[in-house]
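S.K.: Attaching a single structure in structure tokens format; questions to follow.
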Amino acid sequence: MKDTVHLGKRRRIIDGLEKVSGKARFTADVALAGMLHARPVLSPYPHARIRAIDTAAALAQPGVTAVLTGSDLNGGRTAHSRPSMLLAQGEVRFAGQPVAVVVAATEAQAADAAALLDIDYEVLDSVDDAAQAMTDERLVWPQGVPQADSSLASLHGGEASVQGDETRSNVDERRVFARGDAGAALAAAHVVIEHTYTNARVHQAYLEPHAVVAEPGRRPGQVTVYTSTQGQYAVRGEVAGALGLREGDVRIEPMTVGGGFGAKYGIVDALVAAVALHVDRPVRLVLSRSEDMLTTMPAPSTSIRVRLGADESGQIVGLDVQAVIENGVFRFGHAGILATVMGGMYRCDNVHIETLEVLTHRAPVGAYRAPGVPQALFALESSVDELARALGHDPLELRLQNAVEGGDSTGTGRPWPDIGLKACLERAREHPLWRSRGTRPHEGVGLAVGGWPGGFSPAGAVCRVDTDGTVRLHVGSVDISGVHSSMVLIVAETLGIDPETVEIVQGTTDSGPYAPASGGSQVTISLSGAVLGASQQVREQLLDLAASHFEAHRDDIELAEGQARVRGVAGQGVTLGQLAQRGQRLAGGPGPVVAEGRAALKGGAPGFTAQLMRVRVDPDTGHVTPLEAVCIQDVGYALNPLLVEGQMHGGAAQGLSMGLYEGQHFESGTLANPNFLEYVFPTASDVPPIDAVIVERPSENGPFGARIVGEPPITAGAAAIANAIRDAAGVRVTALPATAEQVWRLMQEQERA
């Protein structure tokens, strides 16, 4: 694109100062007159019948207003998802399911009373993992699985066939994505690699636990919800649906989000709203860390068998995959996106992907940054690495030989638009880390590629100019990654003003123009078109006003440095504020300077990445030390390179963490590490230097050529770590996280062999 003044330049985040200075207002900071505090009581058992709940001791405690159970709040409605679930009634189906809520004047009083609640459980047999679920006759839902539309089931779903019969089972859904004849192609292949790869459940590990404040409205059934959420419109729908309210009676006030990564979509919002409406007082609930990890929606555990074959030249000829996805008690729908990437990273005419979504007595799973893709690519990219070794080919060149381009098929049969996977690999080939590999003992360099198709949704925005020259941009999006900082640059670029004079107004569900949720890497590319449209219309209005003011032709007017002026006439200019004042005061004039922009993309702008990881493996203990990371990503056009690099750093660190550290552990169906002492993730000293290399290959669909940014950098890290361990120690890790014990055992087996 043409030279720009603001876009494409590094610029600080607009709310950075208030966050680092502690002035940002989070949900836990909301204090309303007469507000009460809620404390949930969670089931300690994965499956049990509730015989009785004795509330007397809890109700007798000082400050306690109410002790509420399912009979008080549920209203006969059946939950079909975690956000629609209020309180267990009759039976609990996962350890961590809310059974009761204590409401008191202070948080301490609510917690003390909750500890005294006496619940009589009859412990029942439970289905504890996917392997048991697929072989055990016991059903998680004997009467049938509650049905609901999934947030991901229809995304990139392709033309899968769904296999089912009248027999109920814990396999909630079986889907097959196929083209060609994978069986025959693999039978004729020169080399076939076959492994099964497993991933533990992974929590999103955001700094701020889920927090909600609900305040009853003036009329019965009206409620305002202050919440830490990525998508206010999605939460409005969930709360209204769960409580049987009109969406118009539910007002969502999005607060500053202390981390989300796909998890902040109203998990406890309906519950808190129900409590507030029941007691007719404002109520605040801030989950403790352990409560949060027990009752929210982590990424699923998976078991993925891959058979991958190539001919003598290295051309991939066949791919056969079976992926078992453990969903917990409710369906979610990772299958379509998992198949999209597994069968869509490399050109192959013969693909067969079977996905099994399995139910267990565990907390339901949800989205975590690029849901399902880090798990899928750990399996695929590990197999590609082994294929290169078996063929004696360079692993980067093998990937380049087979990498998909625009027009090639995804795993669900849809064609890719223009994409930059090969451009990322070509940049990786030139990187010093790749060129210097193999020169240090006990060290290795791993390569993996990743990507995310990206969502896109319609969006609106309103831009107006005030008489003091301030330009206000009204949006309905939630900023969790600096997206509003980029929107400010679009307005400043269009109007020829300093970004400091642009103010973002984040609206509620009542006052903000519609915008998609901040998830799926969709909000920047979806919203920026609406922002551009609104600011361009404002520009046209300002040009008309300036032409009238100067009695000049509008084609001779330019907007620059916060002023309108006639080209070639020095020393004369009028500020945008003065023009806005003229529009508002001129009798019979055009009126206020304000415009609404709307946009709806016709197609996505997928983002791809190639990542390198250098590790050292201790030959005596198996301990893996990450030493260096490189994240190369095609972003199309970096609206603000500073923020783009931040996304790349964060995603690469999370992918590395999945590979080496993170995993939920269960004992007898109950989460055994529900806190940050026992749930392991890297500290600052564990994350190596990360080189963020931006590739700019403009998208045909994204505004300004921009591509999605947030999801791709997490997708390749775990696979790159596993491949680096293989390069350093000669052993293939097939289960994540790659703990020192696992690597040591693999090295011992190798020695014995």
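The sequence shown begins at 23 in our numbering and counts up one residue at a time.
Virtual Cβ for every residue (Gly too), placed ideally from N, Cα, C.
The structure presented is a predicted model; accordingly, all values stated were derived computationally and were not measured.
(1) According to the neighbour-count rule (16 or more other Cβ atoms, all chains shown, within 10 Å of its Cβ), is residue 157 buried or exposed?
(2) Could you have a look at residue 452 and say whether DSSP puts it in helix, strand or coil?
(3) Determine the burial state of residue 554: buried for a count of at least 16 other Cβ atoms within 10 Å of its Cβ, exposed for fewer.
(4) Could you spell out where the beta strand (DSSP E) holding residue 635 opens and where it closes?
(5) Rounded to the nearest angstrom, how far is the Cβ of residue 196 from that of residue 166, given a contact under 8 Å?
(6) Within this structure, are the beta carbons of residue 657 and residue 747 separated by less than 8 Å?
(7) Here's a check: name, in chain order, each residue in its chain whose Cβ is nearer than 6 Å to the Cβ of residue 526, leaving out the five neighbours to either side.
(8) Residue 624 to residue 484, Cα distance in whole Å?
(9) Say whether the stretch 514-529 touches the stretch 446-462, bearing in mind that this needs 3 or more beta-carbon pairs closer than 8 Å, one atom from each stretch.
(10) According to DSSP, simplified to helix, strand and coil, what is residue 69?
(11) If contact is defined by three or more beta carbon pairs under 8 Å, each pair taking one atom from either stretch, is the stretch 216-223 in contact with the stretch 680-699?
(12) What are the boundary residues of the alpha helix (DSSP H) that residue 274 is part of?
(13) Take residue 312 and list the residues in its own chain whose beta-carbon comes closer than 8 Å to its own, dropping the five residues that flank it on each side.
(14) On the criterion of 16 or more Cβ atoms from any shown chain inside 10 Å, does residue 722 qualify as buried, or is it exposed?
(15) Just how far apart, CA to CA, sit residue 706 and residue 675?
(16) In terms of DSSP beta bridges, what is residue 485 paired with?
(17) Report the rounded CA-to-CA distance for residue 590 versus residue 602, giving the unit in angstroms.
(18) Alpha carbon to alpha carbon, how far is residue 250 from residue 47?
(19) Mapping DSSP to helix, strand and coil, what is residue 283?
(20) From residue 726 to residue 491, what does the alpha carbon distance come to, in whole angstroms?
(21) Report all residues from its chain with a CB closer than 7 Å to the CB of residue 175; omit the five preceding and five following residues, and keep chain order.
(22) Tell me residue 655's beta-bridge partners as DSSP assigns them.
(23) Along the chain, where does the beta strand (DSSP E) that runs through residue 349 open and close?
(24) Starting from the C-beta of residue 87, find all residues in its chain whose C-beta is less than 8 Å away, skip the five residues before and the five after it, and write them out in chain order.
(25) DSSP three-state label for residue 668, please.
(26) So does the stretch 464-471 actually touch the stretch 501-516, counting three or more Cβ pairs closer than 8 Å?
(27) Report the start-end ranges of each alpha helix (DSSP H) in the stretch 690-758 that is 4 residues or longer and not cut off at the edges.
(28) Quick check on the DSSP output: the beta strand (DSSP E) that includes residue 490 runs from which residue to which?
(29) Name the two residues that bound the continuous beta strand (DSSP E) containing residue 199.
(30) Using C-beta distances below 6 Å, list every residue in its chain close to residue 347, excluding the 5 sequence neighbours before and after it, in chain order.
(31) With three or more beta-carbon pairs closer than 8 Å as the criterion, would you say the stretch 611-620 touches the stretch 630-637?
(32) From the DSSP output, in three-state form, read off residue 113 for me.
(33) Quick check on residue 438: does DSSP put it in helix, strand or coil?
(34) Can you tell me where the alpha helix (DSSP H) with residue 784 in it begins and where it stops?
(35) For residue 531, count the other beta carbons within 10 Å of its own beta carbon; 16 or more makes it buried, fewer makes it exposed. Which is it?
(36) Assess contact between the stretch 100-111 and the stretch 128-138, defined as three or more Cβ pairs (one per stretch) separated by less than 8 Å. Is contact present?
M.R.: The relevant details are as follows:
(1) It is exposed - the Cβ of residue 157 has fewer than 16 other Cβ atoms within 10 Å.
(2) Assignment of residue 452 by DSSP, reduced to helix, strand and coil, places it in the helix class.
(3) Buried, by the Cβ-count rule.
(4) Per DSSP, residue 635 is one residue of the beta strand (DSSP E) stretching across 629-639.
(5) Rounded, the Cβ-Cβ distance is 17 Å, inconsistent with contact.
(6) No. Outside cutoff.
(7) Answer for residue 526: 495, 506, listed in chain order.
(8) Rounded to whole angstroms, residue 624 to residue 484 spans 22 Å at the Cα level.
(9) As far as the Cβ criterion goes, the stretch 514-529 does not touch the stretch 446-462, which means the pair count is below three.
(10) Coil.
(11) Taking 8 Å as the limit for Cβ pairs, the verdict is that the stretch 216-223 does touch the stretch 680-699.
(12) In this chain, residue 274 is not harboured by any alpha helix (DSSP H); it is covered by the beta strand (DSSP E) spanning 272-276.
(13) 696, 697, listed in sequence order.
(14) In the assembly as shown, residue 722 is an exposed residue. Its beta-carbon has fewer than 16 other beta-carbons within 10 Å.
(15) When the Cα atoms are used, residue 706 and residue 675 turn out to be separated by approximately 10 Å.
(16) 495, 617.
(17) Going by the C-alpha atoms only, they are around 23 Å apart.
(18) Those two C-alpha atoms are separated by around 10 Å.
(19) Coil.
(20) Their Cα atoms are separated by approximately 26 Å.
(21) Bear in mind that a pLDDT of 42 at residue 175, under 50, signals an unreliable position, so the model cannot answer this.
(22) The partner list for residue 655 (beta bridge, DSSP) reads 631, 716.
(23) Counting along the chain, the beta strand (DSSP E) containing residue 349 begins and ends at 338-350.
(24) For residue 87, where only same-chain residues beyond five positions count, the Cβ hits under 8 Å are 58, 125, 126, 127, 301, 303.
(25) Residue 668: helix per DSSP, three-state reduction.
(26) Not touching, per the Cβ criterion.
(27) Under the rule that a run must span 4 or more residues, the alpha helix (DSSP H) segments found entirely inside the stretch 690-758 read 739-751.
(28) For residue 490, there is no enclosing beta strand (DSSP E), as DSSP gives it neither H nor E.
(29) Note, residue 199: beta strand (DSSP E), 193-201.
(30) The beta carbon of residue 347 sits closer than 6 Å to those of 322, 324, 356, 379, all from its chain and outside the five residues before and after it, given in chain order.
(31) Because the criterion of three Cβ pairs below 8 Å is not met, the stretch 611-620 and the stretch 630-637 do not touch.
(32) The DSSP-derived three-state label of residue 113 is strand.
(33) If DSSP states are grouped into helix, strand and coil, residue 438 belongs with coil.
(34) Residue 784 lies beyond the range of the chain shown here (23 to 775); nothing can be said about it.
(35) With a 10 Å radius around the Cβ and a threshold of 16 neighbouring Cβ atoms, residue 531 comes out buried.
(36) They do not touch, by the three-pair rule.
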